[in-house]
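I have placed the structure first, in the form of structure tokens, so that the comments after it can refer back to it.
Number of protein chains: 4
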Amino acid sequence: MAVELELTEELRKLYADVDAKHMAPLWNVTAQLLPREPASKAIPWLWRRDDYWPLCQRAGELVPIERGGERRVLAFINPGLEGKYATTHTIWAAVQYLQPGEIAPAHRHTPNAIRFIIEGSRAFTTVNGDKCFMERGDLVLTPAWTWHDHGHEGSEPMIWMDGLDLPLVGDLEGVFFEPFKGDRQPPLGINASERRHGLGQLRPAISAAPEAYPGLLNYKWSQTATRLQTLGDEDATPYDDIALEYVNPHTGGPVLPTLACWIQRIRPGIHTRARRQVASKVYHVFEGEGWSVINGRRFNWKQGDFFCVPTWSWHEHANTSSHDAVLFSVQDTPVFQAFGLYREEALQSGDGRQITAR
Amino acid sequence: MAVELELTEELRKLYADVDAKHMAPLWNVTAQLLPREPASKAIPWLWRRDDYWPLCQRAGELVPIERGGERRVLAFINPGLEGKYATTHTIWAAVQYLQPGEIAPAHRHTPNAIRFIIEGSRAFTTVNGDKCFMERGDLVLTPAWTWHDHGHEGSEPMIWMDGLDLPLVGDLEGVFFEPFKGDRQPPLGINASERRHGLGQLRPAISAAPEAYPGLLNYKWSQTATRLQTLGDEDATPYDDIALEYVNPHTGGPVLPTLACWIQRIRPGIHTRARRQVASKVYHVFEGEGWSVINGRRFNWKQGDFFCVPTWSWHEHANTSSHDAVLFSVQDTPVFQAFGLYREEALQSGDGRQITAR
Amino acid sequence: MAVELELTEELRKLYADVDAKHMAPLWNVTAQLLPREPASKAIPWLWRRDDYWPLCQRAGELVPIERGGERRVLAFINPGLEGKYATTHTIWAAVQYLQPGEIAPAHRHTPNAIRFIIEGSRAFTTVNGDKCFMERGDLVLTPAWTWHDHGHEGSEPMIWMDGLDLPLVGDLEGVFFEPFKGDRQPPLGINASERRHGLGQLRPAISAAPEAYPGLLNYKWSQTATRLQTLGDEDATPYDDIALEYVNPHTGGPVLPTLACWIQRIRPGIHTRARRQVASKVYHVFEGEGWSVINGRRFNWKQGDFFCVPTWSWHEHANTSSHDAVLFSVQDTPVFQAFGLYREEALQSGDGRQITAR
Amino acid sequence: MAVELELTEELRKLYADVDAKHMAPLWNVTAQLLPREPASKAIPWLWRRDDYWPLCQRAGELVPIERGGERRVLAFINPGLEGKYATTHTIWAAVQYLQPGEIAPAHRHTPNAIRFIIEGSRAFTTVNGDKCFMERGDLVLTPAWTWHDHGHEGSEPMIWMDGLDLPLVGDLEGVFFEPFKGDRQPPLGINASERRHGLGQLRPAISAAPEAYPGLLNYKWSQTATRLQTLGDEDATPYDDIALEYVNPHTGGPVLPTLACWIQRIRPGIHTRARRQVASKVYHVFEGEGWSVINGRRFNWKQGDFFCVPTWSWHEHANTSSHDAVLFSVQDTPVFQAFGLYREEALQSGDGRQITAR
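Chains as they are written, first to last, in the working numbering: chain A, 1 to 358; chain B, 1001 to 1358; chain C, 2001 to 2358; chain D, 3001 to 3358.
Below you can see the structure in the form of structure tokens.
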């Protein structure tokens, strides 16, 4: 209906009166509001290490870290999301650059955050008093409303990925923010979370009352790497090859209520099967090189690059090199699972829907 | 930092280069992205029955219900949400107008919907084959992805409130929609949900395999009204007076994964205490008259009116008449509870934060 | 092995030495400890109203209700459970007899209890201060560790069924008991639970902090009866005909953590299909007459009778009269479901396993 | 009441008639059935390595392992539980002895089992096709109804602790047992569970459909030992010193629905505070020596010994040596938590309730 409805004078008058009362007829926007399937405003995109790295260094020279700005962070902005400050519709991904001796002042906020360490060592994040030292490959959590500051006791600049649900919590109008009194939290422990919860299948009796230490905060690369290598051919999956989800070992659920994190190893020569999901993802290329086809567009990637997969977008990955490729990703899957909105669809081989530029 | 950062040529150049690579510096937008507390773009607003009722009637004369437009619905558009087609940031509230013999064709979609019947009888919603007849005061659910169509076997036009999580699911880019083959579903049962699940504390053995009938779909007004009157002075709460939440008796949770529904009776002379919550609400005045103060602005209301409370807005209600006032509301509370984002704050008497226009 | 193991002198000596050290060889008792399937020590049994009713009356004349004995209760003792004070291996079923003006003193204990009212009116159970008046057909809960006393403001003796998980909690060595200071609790409310929670799909806002009132305590017969009649032919199940489970509307789970309660209407002429379950049950014949076959043994029953179905026993029911039969039952199903031990098996027609005495 | 009730002829006659109808008066057994608090029939007891070890060896010489007897197992029988074949009221603890080349034939049963390896290496348990090699200190699970057989590819006899919920499932009349066709399962994998789930905080994508591999089956000592040493003084608890619970990292819950497992390190000189719980435990002394006081009775223990703590028994541990003591324990805590029956009470220092024989 409506689409072909003749716009009589009476109808035009009705529309004007409806509008004047701050109302709107559904029938003129049904197709817009209720499309057959999602078409994300976000577009597939890739950001190169060769681009962001020098920009970080220049920022390091020009921009001090101060209360108010809080962090020296360069965010990846999806070209399709005009001015939304977002990498996908729900995820903020960024690189943060910290130089020896610098302090990113303590604060807390309702958006959840993860860090995935790209380069360097001896920087730390103090989370509710627990000073967690970070090394390349570590995944560090700062769950919603935990105090956190960053510092650096090493000798070389350090760079890591930030992943936040900031666009989501922003859209939900749920952002609260509070600066800490003082730049740094007094440490209550050093790597206490790691010491206590560093093996998920063993829970310390002391953590029955875990006010100060909210479970496992640092998923160490040394452990992750071992695990990734332990899995072999028989553990591979068609869409992600050899893949592990980081989980909260106290619940079996995702690491954060809104964000899941994955690490996957794509073996040399493997080309995964295409799939699309009601979920968006941001990938960081931790090791190796290869390419992904996302909604028919091919992106070549190598170590240090980032790329995003908007929701309900076909995507497949290939490692054409002779070494393993390792991809870290942050995903908003838990958001959709919480409300029963999650779906996935696999590409049937030969059905031609995923047309690539190869 | 940043705020007072002098915009040197080098820095200007850096910003331009960052922008060219589809990146953005956090420090220039920290205060914007991480405010101390939410300030909803939506504003408190009231829509009058005296306004929408004649508009519905005129639409009834001018606009047929057809496939494509799907429904004769006039939505309440929040003046603060420029063009977002939303009543609050997450909720779509609207009135739907159906005349005897008309058919609103069957379809399904991932947004969840509730109907609350304002006037009339003998219209029905068929949900996954169960033909649910609706009367004034009934709350009828069409959970995500259930087939539903409306028809009308009565003699007078019927009007009801629609409440959907459409803006939320839209922001989440999770909308799927599918028209049914044919305008009406063949009925598998008549009021079967009501017959089977009409007393929440008794679950039929037959519903152990409830493919066709997804639990309780129609919360009948006759039962609700009795319950509302059974509660007395000792059951009153400071913020909502005598209030009941409609729940899913198979889980104890909200009626839909994203939406909670409430009915409350405000006794004559009662003026509730002000509170604000990380949650938005749309109220329908089912009976009586009174006023609410929302973020310092007073709205007088009477039977048939609608008004909204944006998230984190102070609100309080008063019934100044000599009869009960009954308010129905739909709320997005479950969204925030799912992610640990829910908060509430009560106004301390005399602390002067809620300044009213009385 | 072992079964045919020759009992040499050496082996005899080993067994003696093992025994002396308070140890035991598994291999001699494997078949005893690990049978192919359960064979309950409890046996199917029926207790007649014509028997227990006069016994109750005589007890009413001879036995006062006093602190220490606490209740005038006659329990149904399964003949197979030599001296265990149990109706099935986990369930204690009994009749309690209270005369006008009598008081069964207040106490609390960790075993959970239900009452199902057989005859009379105006007696009450006060549960954590809420004075719940009871009428024929009402199901009244006293969850673990809630204070409860009984009194009687009517004019005729009152009799009800008690159902407790006492044998289970006894076997688990988890019984705690505490007498109240004084015989009666001071009432905090009258039928408050019923008033607040009497429609499961509506939860009062006041019950968000429900210290004194633990949810729905009285499932009124007037409501249950209506619901039972509302269900019709299309709602019947093969094993229980038209059946409803009483549920906790705040969780969707059983009324008590260890006990489920059911009410079922067997239509005239219906003979249900046989089934066995890892669960035991005690039935009370609330209305009508018929018979059940339990593990090949037929029991004719009529109004007021009780009978039990031990675990993993085939059972089927028949109503050969021209009126509805109504059976109430208490079941230990939740115990087995909690640990993944629940199973059921349906009799294939004609497979001859259930041989009846018809 | 009742206790002092005069046994008149009429009352005697009533009791006889009640008994003849397979009923029983509560009032005569109220104190017996509803004691103020639990007094376990089980008694604290200790079994010495020096006793069981030679008995195992003699059984190894005299008793072959055959279908029917199934396992060469010597169980610890609590002297207080006359003939119940149980270590506590719910737990069966035992030692199993397997020689190189022997096979304990494949079967499955509804009781859950754990193994904790005391001595030896290169024996294996195949669980649903996954061949799990076992070494000293490993904890290996065979959850309810999983196929399992044991074999031994090493050169020395191997001995391990068996812990089952057999007395519980027996009391619940829920035991099912089925022998496998053939003595050994064909292996589907080798240490697959360990490879896939050996780091609880990383879940392989492949395990989303884990029919053949039910999660983590082998908690390797090498990992546990590291973790136990990583915890330090600030991680100690008053009742268990430095303690870890083995958990199911996919749920955060206990390793089995009915059984929890703990490992604890008691530092030299530490004497823990006394506590009692509604839960029973069986301890194995993995390393070191010391003593425990259980309900006022002192038990000296050293490596290889076993001792039990009946439910609601005061217990405290002391390490008087100059080396760490390590205790493994299996506990029935989950049973009581499932039904809300769990309680604990700590001894107030100086209140004299725990009177020891020191």
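Ideal placement from N, C-alpha and C gives every residue a C-beta, glycine not left out.
Please read all numbers here as calculations on a predicted model, not as lab measurements.
Let me check understanding here. Comparing Cα to Cα, which of ASN1295(B), GLU1066(B) and VAL1140(B) lies closest to GLY1182(B)?
In the second sequence, counting from the first residue as 1, residue 1182(B) sits at position 182. When only C-alpha atoms are compared, the closest one is GLU1066(B).
Examine chain A for any beta-carbon lying closer than 7 Å to the beta-carbon of ALA1086(B), and answer yes or no.
The count along the second sequence starts at 1 and reaches residue 1086(B) at position 86. No - not a single Cβ of chain A is within 7 Å of the one on ALA1086(B).
Should PRO2143(C) go down as buried or exposed, given a rule of 16 or more other Cβ atoms within 10 Å for buried?
Counted from its first residue, the third sequence places residue 2143(C) at position 143. When all chains shown are included, PRO2143(C) counts as buried.
Taking only beta carbons into account, state which residues of the segment 2033–2053 of chain C come closer than 7 Å to chain B, listed in chain order.
Cβ contacts with chain B come from no residue of the segment 2033–2053 of chain C.
Spatial neighbours of PHE1336(B) within its chain, please: CB distance less than 7 Å, with the 5 preceding and 5 following residues excluded, ordered by chain position.
For the purposes of this step, residue 1336(B) is taken as residue 336 along the second sequence, with counting starting at 1. Same-chain partners within the cutoff: VAL1278, ALA1279 and TYR1342.
Is the CB-CB distance between GLN3027(D) and GLY2069(C) below 7 Å?
What you label residue 3027(D) is simply residue 27 of the fourth sequence in a count that begins at 1. What you label residue 2069(C) is simply residue 69 of the third sequence in a count that begins at 1. As written in the sequence, residue 3027(D) is Trp, which differs from the Gln given in the question. For TRP3027(D) and GLY2069(C), yes; Cβs fall inside 7 Å.
Tell me which residue opens and which closes the beta strand (DSSP E) that ALA106(A) is part of.
Counting from 1 along the first sequence, the entry for residue 106(A) is found at position 106. Counting along the chain, the beta strand (DSSP E) containing ALA106(A) begins and ends at 103–109.
Relative to the C-alpha of PHE124(A), which candidate in LYS220(A), ALA31(A) and CYS56(A) has its C-alpha closest?
On the first sequence, residue 124(A) is found 124 positions in, with the first residue counted as 1. Of the candidates LYS220(A), ALA31(A) and CYS56(A), the one whose C-alpha sits nearest the C-alpha of PHE124(A) is LYS220(A).
Have a look at SER3292(D), PHE3299(D) and LEU3327(D) and flag the residue whose alpha-carbon is nearest the alpha-carbon of ALA3318(D).
For the purposes of this step, residue 3318(D) is taken as residue 318 along the fourth sequence, with counting starting at 1. Closest option to ALA3318(D), Cα to Cα, is SER3292(D).
Determine, for PRO2249(C), whether the minimum Cβ-Cβ distance to residues of chain B falls below 7 Å.
As a first step, residue 2249(C) must be located in the third sequence, where it is residue number 249. Chain B, which has a Cβ nearer than 7 Å to the Cβ of PRO2249(C), makes this yes.
Within the segment 1243–1324 of chain B, note down every full beta strand (DSSP E) run reaching 3 residues or more, in order along the chain.
Here the runs fully enclosed are 1260–1266, 1275–1277, 1281–1287, 1289–1294, 1297–1302, 1306–1309 and 1315–1318.
Give me the Cα-Cα distance between MET134(A) and VAL330(A), rounded to the nearest whole angstrom.
Reading the first sequence from its first residue, position 134 is the one you call residue 134(A). Reading the first sequence from its first residue, position 330 is the one you call residue 330(A). So the two alpha carbons sit approximately 18 Å from each other.
What residues in the segment 1011–1022 of chain B have a beta carbon less than 8 Å from any beta carbon of chain A?
If the cut-off is 8 Å between Cβ atoms, the segment 1011–1022 of chain B has LEU1011, LEU1014, ASP1017, VAL1018, LYS1021 and HIS1022 near chain A.
When DSSP labels each residue in this structure, what does TYR2219(C) get in the three-state scheme?
Start at 1 with the first residue of the third sequence, and residue 2219(C) comes out as number 219. Three-state result, TYR2219(C): strand.
Could you list the residues in the segment 3250–3269 of chain D with a C-beta less than 7 Å from some C-beta on chain A, going in chain order?
Going along the segment 3250–3269 of chain D in chain order, one finds HIS3250, THR3251 and GLY3252 with a Cβ nearer than 7 Å to chain A.
Exposed or buried, PRO249(A), counting other C-beta atoms within 10 Å across all chains shown (16 or more means buried)?
Position 249 of the first sequence holds residue 249(A). By the neighbour-count rule (16 or more Cβ atoms within 10 Å), PRO249(A) is buried.
Can you tell me whether ALA1075(B) is buried or exposed, with buried defined as 16 or more other CB within 10 angstroms of its CB?
Within the second sequence, residue 1075(B) is the residue found at index 75, counting from 1. Classification for ALA1075(B): buried.
For the alpha helix (DSSP H) that ALA3031(D) lies in, which residues bound it at each end?
Along the fourth sequence, one-based indexing puts residue 3031(D) at 31. From DSSP, the alpha helix (DSSP H) with ALA3031(D) extends over 3030–3033.
Chain A beta carbons: is any one of them nearer than 7 Å to that of GLU1070(B)?
Within the second sequence, residue 1070(B) is the residue found at index 70, counting from 1. So, interface residue.
Which word fits LEU2007(C), buried or exposed, when buried means at least 16 other C-beta atoms lie within 10 angstroms of its C-beta?
For the purposes of this step, residue 2007(C) is taken as the residue at position 7 of the third sequence. It is exposed - the Cβ of LEU2007(C) has fewer than 16 other Cβ atoms within 10 Å.
Using a Cβ-Cβ distance under 7 Å, would LEU3216(D) count as near chain C?
Here residue 3216(D) refers to the residue found at position 216 when the fourth sequence is read from its first residue. No, no contact with chain C.
With a threshold of 6 Å (Cβ to nearest heavy atom), would ASP3165(D) be considered close to the ligand ZN?
This structure does not include the ligand ZN; it has no bound ligands of any sort.
Three Cβ pairs or more, each shorter than 8 Å: is that satisfied between the segment 3309–3316 of chain D and the segment 3087–3104 of chain D?
A contact exists between the segment 3309–3316 of chain D and the segment 3087–3104 of chain D.
Would you say ILE3206(D) reaches chain A, if we count a Cβ-Cβ gap shorter than 7 Å as a contact?
Taking the fourth sequence and counting its residues from 1, one reaches residue 3206(D) at position 206. Answer yes: the Cβ-Cβ gap between ILE3206(D) and chain A drops below 7 Å somewhere.
Going along chain D, which residues have a C-beta under 7 Å from GLY2340(C)?
In the third sequence, residue 2340(C) corresponds to position 340, counting from 1. Here the neighbours are ALA3144 and PRO3257.
Pull out every residue of the segment 2186–2206 of chain C whose Cβ sits closer than 9 Å to any Cβ of chain B, in chain order.
Residues GLY2189, ALA2192, GLU2194, ARG2195, ARG2196, HIS2197, GLY2198, LEU2199, GLY2200, GLN2201, LEU2202, ARG2203, PRO2204, ALA2205 and ILE2206.
Any beta carbon of chain C sitting closer than 7 Å to that of LEU3062(D)?
Numbered from its first residue, the fourth sequence carries residue 3062(D) at position 62. Interface residue, yes.
Should PRO1257(B) and GLY174(A) be called a contact, given that it needs their Cβ atoms to be closer than 7 Å?
Within the second sequence, residue 1257(B) is the residue found at index 257, counting from 1. Within the first sequence, residue 174(A) is the residue found at index 174, counting from 1. For PRO1257(B) and GLY174(A), no; Cβs fall outside 7 Å.
Look at the alpha carbon of ALA1212(B) and the alpha carbon of ALA1338(B), and state the distance between them as a whole number of angstroms.
Within the second sequence, the letter at position 212 stands for residue 1212(B). Within the second sequence, the letter at position 338 stands for residue 1338(B). Confidence in ALA1212(B) is poor, its pLDDT being 46 and thus under 50, which makes the residue's placement unreliable; the coordinate value appears in the next sentence. Their backbone Cα atoms lie some 27 Å apart in a straight line.
Going by the CB atoms, is the gap between GLY288(A) and SER321(A) shorter than 7 Å?
Within the first sequence, residue 321(A) is the residue found at index 321, counting from 1. Within the first sequence, residue 288(A) is the residue found at index 288, counting from 1. Yes, these two residues count as a Cβ contact at 7 Å.
State the DSSP-derived secondary structure class of VAL2175(C), mapped to helix, strand or coil.
By one-based count along the third sequence, residue 2175(C) stands at place 175. Three-state DSSP puts VAL2175(C) in coil, outside helix and strand.
Could you have a look at PRO3214(D) and say whether DSSP puts it in helix, strand or coil?
Translated into the one-based positions of the fourth sequence, residue 3214(D) becomes position 214. Here PRO3214(D) sits in coil by DSSP.
Curious, which full-length alpha helix (DSSP H) runs of at least 4 residues does the segment 41–123 of chain A contain?
Listed in chain order, they are 49–62.
In chain order, what residues of the same chain have a beta carbon less than 6 Å from the beta carbon of THR2333(C), not counting five sequence neighbours either side?
Indexing the third sequence from 1 puts residue 2333(C) at position 333. Correct list, in chain order: ALA2260 and ALA2279.
Straight-line CA distance for ILE103(A) to PRO3167(D)?
Against the first sequence, residue 103(A) aligns to sequence position 103. Against the fourth sequence, residue 3167(D) aligns to sequence position 167. Distance between the alpha carbons of ILE103(A) and PRO3167(D): 59 Å.
For THR1126(B) and HIS1197(B), I'd like the C-alpha separation in whole angstroms.
For this step, residue 1126(B) is matched to residue 126 along the second sequence. For this step, residue 1197(B) is matched to residue 197 along the second sequence. If you take the alpha carbons of THR1126(B) and HIS1197(B), they lie about 16 Å apart.
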